[in-house]
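S.K.: If you're matching them up, the sequences are chains L and X in order. The UniProt record's numbering numbers the first residue of the first sequence as 1 and each following residue consecutively. The UniProt record's numbering numbers the first residue of the second sequence as 1 and each following residue consecutively.
Number of protein chains: 2
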Amino acid sequence: MSDQEAPLRNGVEHKIFEVLPFVDDDYGGVIVEMKTPMDTKTFVAALRDSFEQWRLQGKKGVWLNLPLSHVNLVEPAVKEGFRYHHAEPTYLMLVYWIPEAESTIPLNASHRVRVGAVVLNHNKEEKYGSLCGSGIWKIPTGVVDEGEEIFAAAIREVKEETGVRRSIYLNVNQSTINIYNLTFSYIYLQIDTEFLEILAFCQTHESFFAKSDLFFVCLLRPTSFDIQKQDLEIEAAQWMRFEDSASQPITHKNDLFKDIHHICSMKMEKSYSGFSKKPITTFFDDKLGYLYLNKQEDMEQPIS
Amino acid sequence: MSDQEAPLRNGVEHKIFEVLPFVDDDYGGVIVEMKTPMDTKTFVAALRDSFEQWRLQGKKGVWLNLPLSHVNLVEPAVKEGFRYHHAEPTYLMLVYWIPEAESTIPLNASHRVRVGAVVLNHNKEEKYGSLCGSGIWKIPTGVVDEGEEIFAAAIREVKEETGVRRSIYLNVNQSTINIYNLTFSYIYLQIDTEFLEILAFCQTHESFFAKSDLFFVCLLRPTSFDIQKQDLEIEAAQWMRFEDSASQPITHKNDLFKDIHHICSMKMEKSYSGFSKKPITTFFDDKLGYLYLNKQEDMEQPIS
């Protein structure tokens with residue numbers, strides 16, 4: 001092509017394209033990842049050259065990942081037509097859609113995911129986590145991290161919350177537990193648990209700016225508890241009789257608490273099936289994941 | 001206090017605090033929302049004055065919401081110590097944690113939520129959505145929007161996907177359907193459905209940069225279909241015999257497809273319970289939401 005063969009045209013040196021560092025994505029677009037510092041003027045020139053090439057190549061979406069250290073490039077990028085897509089503490093992701101056709105850029109993450117963990121031992125006692133406000137016991141709850149399995153988050157939260165000194169109360173006389181009248185000692189004790197089922201889950205909205213919230217109620221059983229008890233020669237009083245936990249005023253005041261306790265009651269009678277986990281490979285891309293479904297193992301036994 | 005009574009001290013006019021527009025949040029912090037344009041110099045001065053006041057008032061987290069039009073303030077904000085928190089196309093949210101104590105700033109949304117919709121009619125036929133690749137039929141799937149109920153997203157996706165001309169195939173002779181050998185007509189037809197249950201759900205990771213993915217498999221039944229059929233005097237061939245859909249090669253190749261079909265088989269025999277929806281008020285803030293739990297209505301009937 002004559003244009004490309006002529007470095008000089010009209011007496012001006014033909015432009016050598018200076019493109020930004022990028023990789024192709026799987027959807028006909030490119031991802032620009034800025035690694036080395038760049039002044040805004042060089043950036044804008046390289047960006048415009050890059051766009052010339054990307055348009056010729058029929059590229060669609062252009063993702064621009066700007067680490068916090070490249071904050072000087074945010075304003076010029078927006079002025080060149082980029083829009084924000086998402087951000088994490090250390091970077092801002094911007095995006096530009098080249099084609100005339102409607103954008104197929106995927107939406108940003110929309111939900112925060114949390115777990116609440118009910119730990120029931122074989123004595124039909126329920127492990128309660130931290131004391132919340134005055135005299136109200138709550139199950140351990142916490143946020144599921146990016147990349148974390150729901151069941152793993154439940155196990156972690158139980159371990160973390162029971163590992164906090166102030167949330168552990170010990171009943172040294174081994175009598176029936178009434179947490180409100182106990183004189184308790186503090187000790188650092190972590191409970192290991194095994195995930196059994198997701199009993200139910202709850203979706204709410206605007207929990208966090210415009211973001212929605214999914215709260216998974218998980219049922220676990222202790223695995224390390226007995227060993228720890230022997231070592232310490234004590235009975236841990238964070239085990240609360242199920243009936244006592246159900247009779248807390250907050251349980252009656254709140255729909256979700258009431259439902260969780262009702263489900264737990266049914267579960268103890270083997271008349272409720274939640275969703276168990278099963279490792280699988282997924283639809284589209286053969287990724288590993290976990291499917292949560294009703295395995296109905298308990299239901300196979302006669303309902304007592 | 002003498003300092004405040006003396007506007008002039010050492011011959012210099014005492015500084016009048018120029019704070020940025022802010023509102024208190026519910027957690028001891030403030031939210032700054034920039035509405036009018038501001039040059040960077042004025043912004044930095046006002047920000048520093050604001051911080052003096054916020055520190056005196058014992059404020060904790062400072063949220064700074066910068067609309068796209070205020071992109072000029074991103075770099076100065078970061079240089080003053082702000083970090084990115086999250087971003088949407090039209091704004092960037094930054095955050096600054098004032099206290100010495102560990103930050104309790106909530107994590108950003110971590111999950112994208114999607115639905116897949118299985119629509120079964122009373123003839124044990126399954127509605128399949130769009131043709132994906134060559135000869136493979138998939139159930140309608142789509143992303144749940146911020147603020148959208150999971151069950152509503154499933155209903156919407158069925159309506160949207162069946163409303164697309166190319167995804168509707170009609171069997172005019174009303175015989176047993178084999179979608180691969182049909183000569184079909186196109187017609188615009190939207191299917192209204194009613195949500196029955198979430199049959200199962202799947203969690204995967206890194207589906208979208210570092211974000212995780214939750215995919216809910218929903219069971220629905222048609223509500224408007226029969227009426228539409230009468231109006232049009234035709235049998236819609238997007239109804240696929242359940243056995244035919246189960247025998248597609250992709251169903252055998254993929255764990256998740258296999259499991260969904262197995263669950264649907266059990267469901268048709270009334271030997272499977274998914275999670276139904278129930279409106280509730282939530283734990284902490286009496287927000288309205290939906291709890292998905294095993295209502296076991298079908299299980300109350302004898303298993304056929």
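Yeah, the Cβ is synthetic: ideal placement off N, Cα and C, and Gly gets one too.
Quick check on F22/X: does DSSP put it in helix, strand or coil?
M.R.: On the second sequence, position 22 is the one that residue 22/X refers to. Here F22/X sits in strand by DSSP.
S.K.: Taking the straight line between their C-alpha atoms, what separation do you get for L107/X and V144/X?
M.R.: Residue mapping note: residue 107/X aligns to position 107 of the second sequence, counting from 1. Residue mapping note: residue 144/X aligns to position 144 of the second sequence, counting from 1. Distance between the alpha carbons of L107/X and V144/X is about 20 Å.
S.K.: So D24/X contacts chain L; which residues on that side make the cut at Cβ distance below 7 Å?
M.R.: Position 24 of the second sequence, counting from 1, holds the residue named residue 24/X. Per Cβ cutoff of 7 Å: no residues; D24/X is ~15 Å from chain L at best.
S.K.: Quick one: which chain X residues come within Cβ less than 7 Å of G289/L?
M.R.: Translated into the one-based positions of the first sequence, residue 289/L becomes position 289. Per Cβ cutoff of 7 Å: C202, Q203 and T204.
S.K.: Indicate whether at least one CB of chain X lies closer than 7 Å to the CB of H111/L.
M.R.: Numbered from 1 along the first sequence, position 111 holds the residue referred to as residue 111/L. Yes - at least one Cβ of chain X is within 7 Å of the one on H111/L.
S.K.: Could you give the C-beta distance for L94/X and L66/X, rounded to a whole number, given that I count them as a contact under 8 Å?
M.R.: Your numbering for residue 94/X matches position 94 in the second sequence. Your numbering for residue 66/X matches position 66 in the second sequence. That pair is a contact at about 7 Å.
S.K.: Taking I263/L as part of the alpha helix (DSSP H), name the residues at either end of that continuous run.
M.R.: As a working mapping, residue 263/L is identified with position 263 in the first sequence. Segment D255 to M268, the alpha helix (DSSP H) holding I263/L.
S.K.: Who are the near neighbours of D24/X in its chain, counting only those whose CB is closer than 7 Å to its CB and skipping five residues on each side?
M.R.: Translated into the one-based positions of the second sequence, residue 24/X becomes position 24. The residues are V30.
S.K.: Among F257/L, D192/L, F201/L and I263/L, which residue has its Cα nearest to the Cα of I139/L?
M.R.: In the first sequence, counting from the first residue as 1, residue 139/L sits at position 139. Comparing Cα positions, the closest option is F257/L.
S.K.: Give a yes or no on whether the C-beta atoms belonging to R48/X and D213/X are separated by under 7 Å.
M.R.: The residue labelled residue 48/X in the question sits at position 48 within the second sequence. The residue labelled residue 213/X in the question sits at position 213 within the second sequence. In this structure, D213/X does not lie closer than 7 Å to R48/X by Cβ.
S.K.: Below 6 Å CB to CB, which residues in the same chain sit around D259/L once its five sequence neighbours on both sides are set aside?
M.R.: Within the first sequence, the letter at position 259 stands for residue 259/L. Around D259/L: no qualifying Cβ.
S.K.: Judging by CA-CA distance, which residue of A210/L, D255/L, E269/L and E148/L is the nearest neighbour of K211/X?
M.R.: Working through the second sequence from its first residue, we reach residue 211/X at position 211. Shortest Cα-Cα distance from K211/X to any of A210/L, D255/L, E269/L and E148/L involves E148/L.
S.K.: Please say whether L68/L and residue 372/L have beta carbons closer to each other than 7 Å?
M.R.: Beyond the ends of chain L as shown, which are 1 and 304, falls residue 372/L; an answer cannot be given.
S.K.: Between the C-alpha atoms of G58/X and A77/X, what's the straight-line distance to the nearest angstrom?
M.R.: Mapped onto the second sequence, residue 58/X falls at position 58. Mapped onto the second sequence, residue 77/X falls at position 77. The straight-line gap from Cα to Cα measures roughly 21 Å.
S.K.: Mapping DSSP to helix, strand and coil, what is S110/X?
M.R.: Numbered from its first residue, the second sequence carries residue 110/X at position 110. If DSSP states are grouped into helix, strand and coil, S110/X belongs with coil.
S.K.: Measure the alpha-carbon distance for E146/L versus V217/X and round it to whole angstroms.
M.R.: Start at 1 with the first residue of the first sequence, and residue 146/L comes out as number 146. Start at 1 with the first residue of the second sequence, and residue 217/X comes out as number 217. Their backbone Cα atoms lie some 21 Å apart in a straight line.
S.K.: Look at the alpha carbon of F215/L and the alpha carbon of A46/L, and state the distance between them as a whole number of angstroms.
M.R.: Within the first sequence, numbered from 1, the residue matching residue 215/L stands at position 215. Within the first sequence, numbered from 1, the residue matching residue 46/L stands at position 46. Looking at the two C-alpha atoms, the distance is approximately 45 Å.
S.K.: Can you give me the start and stop residues for the beta strand (DSSP E) that D213/X sits inside?
M.R.: Position 213 of the second sequence, counted from the first residue, corresponds to residue 213/X. Unbroken beta strand (DSSP E) run through D213/X: K211 to P222.
S.K.: To the nearest angstrom, report how far apart K270/L and L199/L are at their CA atoms.
M.R.: The residue given as residue 270/L occupies position 270 in the first sequence. The residue given as residue 199/L occupies position 199 in the first sequence. C-alpha separation (whole angstroms): 13 Å.
S.K.: Here's the rule I'm using: 16 or more other beta-carbon atoms within 10 Å means buried, otherwise exposed. How should R166/X be labelled?
M.R.: Translated into positions along the second sequence, residue 166/X becomes position 166. A caution first: R166/X carries a pLDDT of 32, below 50, which makes its placement in the model too unreliable to give a value.
S.K.: Can you list, in chain order, the residues of the segment 25-56 of chain L whose Cβ is nearer than 8 Å to any Cβ on chain X?
M.R.: none
S.K.: Thinking just about the alpha-carbon of each residue, which of W54/L, S273/L, V32/L and P99/L is nearest to the one in L73/L?
M.R.: Working through the first sequence from its first residue, we reach residue 73/L at position 73. L73/L has its Cα closest to that of V32/L, out of W54/L, S273/L, V32/L and P99/L.
S.K.: Would you report the Cα separation of F151/X and H262/X, rounded to the nearest angstrom?
M.R.: In the second sequence, residue 151/X corresponds to position 151, counting from 1. In the second sequence, residue 262/X corresponds to position 262, counting from 1. Cα to Cα, F151/X sits roughly 22 Å from H262/X.
S.K.: If you draw a straight line from the C-alpha of Y96/L to the C-alpha of Y96/X, how long is it?
M.R.: Reading the first sequence from its first residue, position 96 is the one you call residue 96/L. Reading the second sequence from its first residue, position 96 is the one you call residue 96/X. Rounded to whole angstroms, Y96/L to Y96/X spans 28 Å at the Cα level.
S.K.: Is the beta carbon of S265/X sitting closer than 7 Å to the one on E197/X?
M.R.: Residue numbering aside, residue 265/X sits at position 265 when the second sequence is read from its first letter. Residue numbering aside, residue 197/X sits at position 197 when the second sequence is read from its first letter. Not in contact: S265/X and E197/X (Cβ atoms no closer than 7 Å).
S.K.: Report yes or no: is there a C-beta of chain L within less than 7 Å of the C-beta of V74/X?
M.R.: The count along the second sequence starts at 1 and reaches residue 74/X at position 74. So yes, V74/X belongs to the interface.
S.K.: Quick check on DSSP: helix, strand or coil for T42/L?
M.R.: The residue given as residue 42/L occupies position 42 in the first sequence. In this structure, T42/L counts as helix in the three-state DSSP scheme.
S.K.: Which residue comes first and which comes last in the beta strand (DSSP E) that contains P279/L?
M.R.: Within the first sequence, residue 279/L is the residue found at index 279, counting from 1. Here the beta strand (DSSP E) through P279/L covers S276 to T281.
S.K.: Determine the closest residue to E206/L out of E52/X, K287/X, V158/X and V62/X, with distance taken between C-alpha atoms.
M.R.: Here residue 206/L is taken as the residue at index 206 of the first sequence, counted from 1. Comparing Cα positions, the closest option is K287/X.
S.K.: Mind checking the segment 67-92 of chain X against chain L and listing, in chain order, the residues whose C-beta falls within less than 8 Å of any C-beta there?
M.R.: Across the segment 67-92 of chain X, CB contacts with chain L closer than 8 Å involve L68, V71, N72, V74, E75, V78, K79, R83, Y84, H85, H86, A87, E88, P89, T90, Y91 and L92, in sequence order along the chain.
S.K.: So for A117/L, helix, strand or coil by DSSP?
M.R.: For the purposes of this step, residue 117/L is taken as the residue at position 117 of the first sequence. Of the three classes helix, strand and coil, the one that applies to A117/L here is strand, per DSSP.
S.K.: Residues in its own chain within less than 8 Å of K60/L by CB, not counting five upstream and five downstream?
M.R.: Walking along the first sequence from the start, residue 60/L turns up at place 60. Here the set comprises Y27, G28, G29, W97, I98, P99 and T104.
S.K.: Residues of chain L with CB closer than 7 Å to the CB of T282/X, please, in chain order.
M.R.: Residue numbering aside, residue 282/X sits at position 282 when the second sequence is read from its first letter. Within 7 Å Cβ-Cβ: C202, T204 and L256.
S.K.: On a Cα-Cα basis, can you pick out the residue from C202/L, F208/L, A117/L and F201/L that is closest to I191/L?
M.R.: In the first sequence, counting from the first residue as 1, residue 191/L sits at position 191. Each of C202/L, F208/L, A117/L and F201/L was checked against the Cα of I191/L, and the nearest Cα belongs to A117/L.
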